[in-house]
Amino acid sequence: MNKKPSIENVEPKPIDLIRTWGERGYSIGFTNGCFDLIHPGHISLLHHAKNECDKLVVGLNSDSSVKKLKGKDRPIQKENARATVLLALKDVDAVIIFNEETPIKLIKLIKPDVLIKGGDYKIDNIVGAEFIQQNGGRVVLSDYKNGHSTSEIIKKIGS
């Protein structure tokens, strides 16, 4: 039985694990986000992403990164809680928390074969897309599940 890495092993072991997967011929997929209050749109993205690769790595915005992107009241859940939830999902093989506002450094470090984002993005606007394509990888858009948004869930709870 393959055991997933625990959240305590976020740095640096997942990088070593990802390199080992690559050396063994597994295709590596990458997606990223805040993943605060997991909802059906997140699940759909992760499931589609896993279907595009052998091993799926999720870049998770740190708490400080989420605050910069979403505002002082976010995230709702701390980064370790968000990472633990992601690692519990069958489609996620590794989670790496990053502090920057974008995952470009992480993408360049991992060099995934496939970069997957939600269908609400355009390939030209996806951070790392050009790097992936220049290195022979693919950029894939998942179907966008309209009506599923953490921000909308928070608004609904607050009303």
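Position 131 of the sequence shown, counted from 1, bears residue number 132 in the working numbering, the numbering being contiguous throughout.
Even glycine gets a Cβ: it sits at the ideal position worked out from N, Cα and C.
Query, Result
"Let's test the definition: count the other Cβ atoms within 10 Å of the Cβ of D37 and tell me whether it reaches 16, buried, or not, exposed.", "buried"
"Quick check on A84: buried or exposed, where buried means 16 or more other Cβ atoms within 10 Å of its Cβ?", "buried"
"Flag this pair as touching only if the segment 15-29 and the segment 90-104 have three or more C-beta atom pairs under 8 Å; answer yes or no.", "yes"
"Closer than 8 Å by C-beta to D17: which residues in its own chain qualify, once you throw out the five before and the five after it? Chain order, please.", "none"
"Roughly how many angstroms lie between the CA atoms of I44 and K71, to the nearest whole one?", "21 Å"
"Per DSSP, which residues does T32 bridge with? Please list them.", "V59"
"Considering only the beta carbon of each residue, do S1 and N100 sit closer than 8 Å?", "Given that the chain is displayed from residue 2 to residue 160, the structure contains no residue 1 and the question cannot be resolved."
"Please specify which runs of the beta strand (DSSP E), each continuous and at least 3 residues long, are wholly inside the segment 42-114, giving them in chain order.", "56-62, 95-99"
"Rank K56, N52, H40 by C-alpha distance to the C-alpha of I111 and give the top, closest one.", "K56"
"Which first and last residues belong to the alpha helix (DSSP H) in which L38 is found?", "L38 -> no alpha helix (DSSP H), and no H or E assigned at all."
"DSSP beta-bridge partners for K14?", "Paired residues: none, contrary to the question."
"To the nearest angstrom, how far is it from the Cα of I77 to the Cα of N52?", "29 Å"
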